[in-house]
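**Q** Dumping the structure here so I can ask a few things about it.
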Amino acid sequence: LDVLLADLARTDVQYVRCVKPNEANRPGVDGFDREPVARQLRTAGIPDAVRVGRAAFPHRLGFEALLRHFGPLDADAPRGDVGEDG
């Protein structure tokens with residue numbers, strides 16, 4: 003659990019959604035049932051969210067990259083080193 007929490011702390015997690023991989027709670031890759039997982043994802047609206055996100059925002063820029071790209075268009079935009087964008 004500590005490793006999981008450390009991993010989550012290093013990321014920019016928007017949300018976490020759990021998906022039950024099978025009805026019998028079988029471990030491992032052999033326990034992965036495609037149809038129940040697909041049904042859970044559809045019910046949660048994940049495919050629609052991905053589709054909308056790709057259509058509306060096909061390229062996501064971090065703030066620093068956005069500032070470097072569009073900053074010259076605004077005389078009041080901050081100048082100088084704005085850091086690296088991940």
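Mapped onto the numbering used here, the consecutive letters of the sequence shown carry residue numbers 3 to 88. Here a beta-carbon is modelled for each residue, glycine too, at the ideal position from N, C-alpha and C. On a predicted model such as this, the values are computed, not experimentally measured, just so you know.
1) What three-state label does DSSP hand His61 in the structure shown?
2) Rounded to the nearest angstrom, how far is the Cβ of Pro23 from that of Phe34, given a contact under 8 Å?
3) Cβ of Val39 within 7 Å of Cβ of Val18?
4) Which same chain residues, not among the five before or five after Asn27, have their C-beta less than 8 Å away from its C-beta?
5) Does DSSP classify Pro29 as helix, strand or coil?
**A** Based on what the coordinates show:
1) coil
2) 5 Å
3) no
4) Gly33
5) coil
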